[in-house]
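In the numbering used here, the protein residues as written are 137 to 221. Note that the Cβ used here is the ideal one computed from N, Cα and C, for glycine as well. Right, one structure below, let's go through it.
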Ligand code: SF4
């Protein structure tokens, strides 16, 4: 396995693969605060069962992913792990 493939291997074990992936990112319309919180809670509940939560979170922080739930955290929650924050 190449180092790139090894780095991406966690993605095949992601608990969010499939139709439920839609709750991990904002919809095309403007969400109310309560809708966002409810959607994020559903996504985070899936993350809580995910076997690759840590590599997922590490990846999102590494690439400074600006949107969505990754590794059980939303974009604002991930900001605390960025250098200089
Ligand atoms: S931690 Fe959450 S966002 Fe990351 S792969 Fe697992 S289910 Fe998907």
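Beta-carbon separation (whole angstroms), residue i vs residue j, contact threshold 8 Å
i, j, result
"residue 179", "residue 148", "Not confirmed; about 19 Å, so no contact."
"residue 168", "residue 196", "Rounded, the Cβ-Cβ distance is 25 Å, inconsistent with contact."
"residue 210", "residue 174", "Not confirmed; about 13 Å, so no contact."
"residue 205", "residue 183", "6 Å"
Cα-Cα separation, residue i to residue j
i, j, result
"residue 151", "residue 220", "31 Å"
"residue 207", "residue 189", "5 Å"
"residue 216", "residue 200", "11 Å"
"residue 171", "residue 202", "19 Å"
"residue 191", "residue 146", "7 Å"
"residue 156", "residue 198", "24 Å"
"residue 162", "residue 212", "14 Å"
"residue 144", "residue 193", "13 Å"
"residue 165", "residue 153", "23 Å"
Three-way DSSP call (helix, strand, coil) for residue i in this model
i, result
"residue 193", "helix"
Residue i: CB within 7 Å of a non-hydrogen atom of the ligand ATP
i, result
"residue 158", "As far as ligands go, the structure on display features the ligand SF4 and does not contain the ligand ATP."
CB contact below 8 Å: residue i versus chain D
i, result
"residue 215", "Considering every chain present, this structure includes no chain D. It has just one protein chain."
The ligand SF4 heavy atom lying under 7 Å from the CB of residue i
i, result
"residue 189", "yes"
"residue 177", "no"
"residue 197", "no"
"residue 154", "no"
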